[in-house]
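J.: Residue numbering for the sequence shown is -25 to -1, 1 to 499, as defined by mature numbering (1 follows the signal peptide of the UniProt record, and there is no 0).
There's a structure below that I have some questions on.
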Amino acid sequence: MLSSILHMRNFLFVILTGTSILVQAADVEVTTYGAKGDGSTVNTVAIQKSIDACAGSGGGKVIFSAGNFMTATIVMKSNVTLYLTDGCTLIGVKGASNYPYQQAGIPFYGENWAKQALIYANKAENIGIEGSGTIDGQGASFEINTIKKPDRYMNRPYLIWFVGCKKVSVKEVHLRNSAFWMQHYLGCEDLVIDGISIWNHSNKNNDMIDIDGCKNVLITNVKGDSDDDGLTLKSTSKLISENIVISNCVFSSHCNGLKFGTESTGGFRNVTVSNIVIKPSAQLTTIYGKPAGNSGISLEMVDGGIMENITISNVVIDGPQVPLFIRLGNRARKHTDNAPAPGIGIARNIHISNVTATGADITGSSVIGLENAIIENVSLSNISLSGSGGAKADAMFRKLESLADHYPEATMFGPLPAYGLFIKHVKGIRLNNISCSFTETDERPAIALENTSDFEIKGLTMNSTANTNALIYLKNTTRGFITANSVYNPAKHFIWKEGTVTDVAVSNNNHPKIKSTSNQIIKK
């Protein structure tokens, strides 16, 4: 009875006052508040009034009709979606002074110099950017007049910067020409990025997408082309980037197509990547990197943190210098000036499968930890690696420096002791059904393992030459199993052993010239 009375009272209140008890969404046309899509009027005030009015009415869409709408920084509010119709371009005005400094409220590496954005949101909920229109940051107009750090990063706004936001949706829009990273999502939750296209070749540090300390993230159907890194998972704060799904995307980058790092303060956890194509950029001139890219997939842990439970599958990598690069180092960069120096990070439970890589250079792919920081539990399966080759046989004996405190790059060690895969400081690695080939003569082994234990090598297909000392090179390894592998253009020997190699079982491999010599070649 009481509930019926209350319901009737509310109904009468609506009738008598014309006001609904339930807040209804209220879409707003930006032209209502005086915005003009003439390509010259600066509409910052009109657009912000539209956003504020939409938020004040319970939320909805701020709609941009066809036209060219100039603006400086606009700030998103909860329950508001910017909707850019077909034929609309939202254009960032020139001049850093039009982009006021923002305070993120989350201590992160970069907080002293990365403070500006064209579209900014902080602790907003249920926000979005949608529609088939375009956002253009006019990034080339923000000149860099110094190489000094951090000055060279300052006064170049992100195109999109969302901090500490929840329930974020960015769909269908075309993003162009940022002055800095195209998108930086810092400490956000429940983030969906779907069906967008990205072109970012107008300035230095032109990353495509940076997911930084976010959780519950879905990225699908993205096509992007950037000068700097492509899709990048970062951890510039104590927050971990976790619970992330990435699928059905095409990436091009002059640097790294898919990258974890370099910042890894919190780390990366529970990430799946599938159905990805990484291909050469359509932009032939470069600011950083190489036209076809530096690396396809780079997983880099150098500033502490944890990287675990990473699954990557069904990937085509066409062109980058190095297809796969997994690195645990110890640059130990603090994420803020007052933070303690991070300890060495952790990298474990990494699984990569069904990868076809072509067009690589002489370097080779690698999984490299540190003597006091072992990478654990890695599986690489159903992978085809094709590179240019070109190295001589003695390259297998190169002693690599640890470079523990260096900035991580897939080419940082130069040509590796193996043309296919070089594994060092790893415990528990499984290589299954991997094909290694080259387009020019290469005399290195296909696979080299150093300071590695608990390994399995099974079902490999490997090219070699008559000058190749051995197809598989083992140095200071223990507890391994090598079986059912095939060799074409056979090398002098199947396995070359150096240092302490113990408890390695070798059986059922196809190689016609296996011999035992004073160099401790393991016989079939």
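Even for Gly, the Cβ is constructed at its ideal location relative to N, Cα and C.
What three-state label does DSSP hand Cys29 in the structure shown?
T.: The sequence position of residue 29 within the sequence shown is 54, counting from 1. Three-state DSSP puts Cys29 in a helix.
J.: In whole angstroms, what is the alpha-carbon distance linking Thr458 and Ser227?
T.: Working through the sequence shown from its first residue, we reach residue 458 at position 483. Working through the sequence shown from its first residue, we reach residue 227 at position 252. Straight-line Cα distance between these residues: approximately 37 Å.
J.: Contact defined as beta carbons within less than 8 Å: I believe Ala332 pairs with Pro298. What is the distance between those atoms, to the nearest angstrom?
T.: As a working note, residue 332 is residue 357 in the sequence shown. As a working note, residue 298 is residue 323 in the sequence shown. Contact between Ala332 and Pro298 holds: their C-beta atoms lie close to 3 Å from each other, under 8 Å.
J.: Taking only beta-carbon atoms, is Ala71 less than 9 Å away from chain E?
T.: Given the protein chain composition of this structure (a single chain), no chain E is represented.
J.: From the DSSP secondary-structure annotation, give me the bridge partner or partners of Ile432.
T.: Within the sequence shown, residue 432 is the residue found at index 457, counting from 1. Paired residue(s): Leu406, Ile457.
J.: Kindly provide the ranges of any beta strand (DSSP E) runs that are 3 or more residues long and lie completely inside the segment 267 to 334, ordered along the chain.
T.: 270 to 276, 281 to 293, 297 to 303
J.: Nearest-angstrom Cα distance between residue 505 and Phe243?
T.: No statement about residue 505 is possible, as the shown extent of the chain runs from -25 to 499 and does not include it.
J.: Rounded to a whole number of angstroms, what is the C-alpha to C-alpha distance between Met68 and Gly365?
T.: If you number the sequence shown from 1, residue 68 lands on position 93. If you number the sequence shown from 1, residue 365 lands on position 390. The amino acid occupying residue 68 in the given sequence is Val; Met does not appear at that position. Cα to Cα, Val68 sits roughly 49 Å from Gly365.
J.: With a threshold of 8 Å, are at least 3 pairs of Cβ atoms found where one atom belongs to the segment 197 to 204 and the other to the segment 278 to 289?
T.: no
J.: How long is the line joining the alpha carbons of Gly139 and Gly35, rounded to whole angstroms?
T.: For the purposes of this step, residue 139 is taken as the residue at position 164 of the sequence shown. For the purposes of this step, residue 35 is taken as the residue at position 60 of the sequence shown. Near 21 Å, if we compare the C-alpha coordinates of Gly35 and Gly139.
J.: Do the CB positions of Ser153 and Leu166 come within less than 9 Å of each other?
T.: As a working note, residue 153 is residue 178 in the sequence shown. As a working note, residue 166 is residue 191 in the sequence shown. Taking 9 Å as the Cβ cut-off, Ser153 and Leu166 do not qualify as a contacting pair.
J.: Assign Ile186 to buried or exposed, taking buried as 16 or more other Cβ atoms, counted over all protein chains shown, within 10 Å of its Cβ.
T.: As a first step, residue 186 is located in the sequence shown; it is residue number 211 there, counting from the start. Per the 10 Å Cβ criterion, buried.
J.: Decide if Phe430 is buried, meaning its Cβ has at least 16 other Cβ atoms within 10 Å, or exposed.
T.: The count along the sequence shown starts at 1 and reaches residue 430 at position 455. Under this definition Phe430 is a buried residue.
J.: Bridge partners for His381 per DSSP, in chain order?
T.: Position 406 of the sequence shown, counting from 1, holds the residue named residue 381. DSSP lists no partner for His381.
J.: Run through DSSP, which three-state label would Ser412 get?
T.: The count along the sequence shown starts at 1 and reaches residue 412 at position 437. Residue state, collapsed to three classes: strand.
J.: Using a Cβ-Cβ cutoff of less than 6 Å, which residues in the same chain neighbour Val479 once the five nearest sequence positions on both sides are dropped?
T.: Your numbering for residue 479 matches position 504 in the sequence shown. Closer than 6 Å at the Cβ level, and outside the excluded window around Val479, lie Gly455.
J.: Quick one: grab the DSSP three-state call for Arg244.
T.: On the sequence shown, position 269 is the one that residue 244 refers to. Of the three classes helix, strand and coil, the one that applies to Arg244 here is strand, per DSSP.
J.: Do Ile81 and Leu214 count as a contact pair if the criterion is CB distance below 9 Å?
T.: Residue 214 sits at position 239 when you count from the first residue of the sequence shown. Residue 81 sits at position 106 when you count from the first residue of the sequence shown. Against a cut-off of 9 Å, the Cβ pair of Ile81 and Leu214 comes out as a contact.
J.: Can you grab the Cα-Cα spacing for the pair Ile110 / Asp169, in whole Å?
T.: Translated into the one-based positions of the sequence shown, residue 110 becomes position 135. Translated into the one-based positions of the sequence shown, residue 169 becomes position 194. Straight-line Cα distance between these residues: approximately 16 Å.
J.: Where does the unbroken beta strand (DSSP E) through Ser212 begin, and where does it stop?
T.: As a first step, residue 212 is located in the sequence shown; it is residue number 237 there, counting from the start. Per DSSP, Ser212 belongs to no beta strand (DSSP E) and is neither H nor E.
J.: Mark Gln113 as exposed unless 16 or more other C-beta atoms lie within 10 angstroms of its C-beta, in which case mark it buried.
T.: Walking along the sequence shown from the start, residue 113 turns up at place 138. Buried, since its Cβ has 16 or more Cβ neighbours within 10 Å.
J.: Please report how far the alpha carbon of Gly279 lies from the alpha carbon of Ile350, in whole angstroms.
T.: The residue you call residue 279 lines up with position 304 of the sequence shown. The residue you call residue 350 lines up with position 375 of the sequence shown. Between Gly279 and Ile350, the C-alpha separation is close to 13 Å.
J.: Express the C-alpha separation of Ser216 and Lys142 in angstroms, rounding to a whole number.
T.: Within the sequence shown, residue 142 is the residue found at index 167, counting from 1. Within the sequence shown, residue 216 is the residue found at index 241, counting from 1. Cα-Cα distance, rounded: 16 Å.
J.: Here's the rule: buried if 16 or more other CB atoms are within 10 angstroms of the residue's CB, otherwise exposed. What is Phe372?
T.: As a first step, residue 372 is located in the sequence shown; it is residue number 397 there, counting from the start. Looking at its Cβ environment, which holds fewer than 16 other Cβ atoms inside 10 Å, Phe372 is exposed.
J.: To the nearest angstrom, report how far apart Met45 and Asn54 are at their CA atoms.
T.: What you label residue 45 is simply residue 70 of the sequence shown in a count that begins at 1. What you label residue 54 is simply residue 79 of the sequence shown in a count that begins at 1. When rounded, the distance between both Cα atoms is 23 Å.
J.: Look up Thr427 in the DSSP assignment and give the residues it is bridged to.
T.: Position 452 of the sequence shown, counted from the start, is the residue given in the question as residue 427. Answer by DSSP bridge pairing, in chain order: Val401.
J.: Report the start-end ranges of each beta strand (DSSP E) in the segment 137 to 173 that is 3 residues or longer and not cut off at the edges.
T.: Counting only unbroken stretches of 3 or more residues, the beta strand (DSSP E) elements lying wholly within the segment 137 to 173 are 141 to 146, 149 to 151, 158 to 161, 164 to 169, in sequence order.
J.: Using the C-alpha atoms, what's the distance from Glu473 back to Ser377?
T.: Position 402 of the sequence shown, counting from 1, holds the residue named residue 377. Position 498 of the sequence shown, counting from 1, holds the residue named residue 473. The straight-line gap from Cα to Cα measures roughly 19 Å.
J.: Could you pull the start and end residues of the beta strand (DSSP E) that Ala421 belongs to?
T.: The sequence position of residue 421 within the sequence shown is 446, counting from 1. No beta strand (DSSP E) contains Ala421, which DSSP labels as neither H nor E.
J.: Should the segment 436 to 449 be called in touch with the segment 328 to 343, which here means at least 3 C-beta pairs below 8 Å?
T.: no
J.: Apart from the five residues on each side of it in sequence, which residues of its chain come closer than 6 Å, Cβ to Cβ, to Val291?
T.: Mapped onto the sequence shown, residue 291 falls at position 316. These residues qualify, in order along the chain: Val252, Thr331.
J.: For Cys224, I'd like the list of residues in its chain whose CB is within less than 8 Å of its CB, leaving aside the five on either flank, ordered along the chain.
T.: The residue labelled residue 224 in the question sits at position 249 within the sequence shown. Here the set comprises Ile194, Thr195, Asn196, Val197, Lys198, Gly199, Leu206, Asn250, Ile251, Val252.
J.: Starting from Phe469, trace the beta strand (DSSP E) in both directions and tell me its first and last residue.
T.: By 1-based counting over the sequence shown, the position of residue 469 is 494. Here the beta strand (DSSP E) through Phe469 covers 468 to 482.
J.: Taking C-alpha atoms, which residue in Ile321, Ser341, Leu406, Thr261 lies nearest to Asn347?
T.: Taking the first residue of the sequence shown as position 1, residue 347 is located at position 372. In terms of CA proximity to Asn347, Ile321 leads the group Ile321, Ser341, Leu406, Thr261.
J.: Excluding the five sequence neighbours on either side, which residues of its own chain have a C-beta within less than 8 Å of the C-beta of Thr211, listed in chain order?
T.: For the purposes of this step, residue 211 is taken as the residue at position 236 of the sequence shown. Once the five neighbours on either side are set aside, the close Cβ partners of Thr211 are Phe83, Tyr84, Gly85, Leu161, Asp187, Gly188, Glu238, Thr240, His310.
J.: Could you compute how far the alpha carbon of Ala316 sits from the alpha carbon of Ala21?
T.: Sequence index remark: in the sequence shown, residue 316 carries index 341 (1-based). Sequence index remark: in the sequence shown, residue 21 carries index 46 (1-based). Looking at the two C-alpha atoms, the distance is approximately 46 Å.
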